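> For the sequence shown, our numbering assigns the number 78 to the initial residue and increments by one for each residue that follows. Just passing along the structure, written as structure tokens.
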Amino acid sequence: MDVLIKVFVGLHIIGIASLLGGFLTQMKAIGAGAARFVPAMLHGALTMLVTGVLLVGFREMDGGTINQVKIGVKLAVLFVILALVYVKRDEERVDKALFGAVGGLTIANIFIALLWH
């Protein structure tokens, strides 16, 4: 079970890298007002959702304890990210504030995972 959990943690990290990488590669475009949600951002967020849910299930099956409030907050933040990226995925240009919100929420989700014990 330990190896399975580590594999899915790795996949979860790949998902966050895809979401955050899609955001960071468009930093110059944000200034020009031409930023858009790229497919990698949507796929990364979906990967995070699936692997995160599976990780919670694996941890419970393994007898570990889970901070349900933390998981709930992370899930809520991820749902907001997913909703924004999904709804605006076909638009050629996304508002700077909206694009920045997705980046900010992504970074917040990372720090929630790391700092909340």
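Just so you know, even glycine gets a beta-carbon here, dropped at the ideal spot from N, CA and C. On a predicted model such as this, the values are computed, not experimentally measured, just so you know.
First and last residue of the alpha helix (DSSP H) that includes Ala153?
If you number the sequence shown from 1, residue 153 lands on position 76. Where Ala153 is concerned, the enclosing alpha helix (DSSP H) stretches over Gln145 to Lys165.
> Since Ala122 and Leu96 are thought to touch, with beta carbons under 8 Å apart, how far apart are those beta carbons, to the nearest angstrom?
Within the sequence shown, the letter at position 45 stands for residue 122. Within the sequence shown, the letter at position 19 stands for residue 96. Yes, Ala122 and Leu96 are in contact; Cβ-Cβ is about 5 Å, under 8 Å.
> Relative to the alpha-carbon of Val84, which residue among Met118, Val150, Phe135 and Ala117 has its alpha-carbon at the smallest distance?
Against the sequence shown, residue 84 aligns to sequence position 7. When each option's Cα is compared against that of Val84, the closest is Phe135.
> Tell whether a beta-carbon distance below 9 Å holds between Gly129 and Lys147.
Counting from 1 along the sequence shown, the entry for residue 129 is found at position 52. Counting from 1 along the sequence shown, the entry for residue 147 is found at position 70. Contact: no.
> Given a threshold of 16 other Cβ atoms within 10 Å of its Cβ, counted over all protein chains shown, does Phe114 qualify as buried or as exposed?
By one-based count along the sequence shown, residue 114 stands at place 37. Classification of Phe114: buried, given that the 10 Å Cβ count is 16 or more.
> Grab me the residues of Leu191's own chain with a C-beta within less than 7 Å of its C-beta, minus the 5 sequence neighbours each way, in chain order.
For the purposes of this step, residue 191 is taken as the residue at position 114 of the sequence shown. Closer than 7 Å at Cβ, skipping near neighbours: no residue.
> Taking Val154 as the reference, which of Ala106, Ile82, Phe188 and Asp167 has the closest Cα?
For the purposes of this step, residue 154 is identified with residue 77 of the sequence shown, where counting begins at 1. When only C-alpha atoms are compared, the closest one is Phe188.
> Closer than 6 Å by C-beta to Ala106: which residues in its own chain qualify, once you throw out the five before and the five after it? Chain order, please.
One-based indexing of the sequence shown puts residue 106 at position 29. Closer than 6 Å at Cβ, skipping near neighbours: Ala112.
> Over what stretch of residues does the alpha helix (DSSP H) that includes His120 continue unbroken?
Here the question's residue 120 lines up with position 43 in the sequence shown. Looking at the DSSP string, the run of the alpha helix (DSSP H) that includes His120 is Pro116 to Met138.
> At the level of alpha carbons, what is the spacing between Asn186 and Leu88?
Taking the first residue of the sequence shown as 1, we reach residue 186 at position 109. Taking the first residue of the sequence shown as 1, we reach residue 88 at position 11. C-alpha separation (whole angstroms): 16 Å.
> Residues in the same chain with beta-carbon distance under 6 Å from Gln103, minus the five sequence neighbours each way, listed in chain order, please.
By 1-based counting over the sequence shown, the position of residue 103 is 26. Within the same chain, Gln103 has close Cβ partners Ala112.
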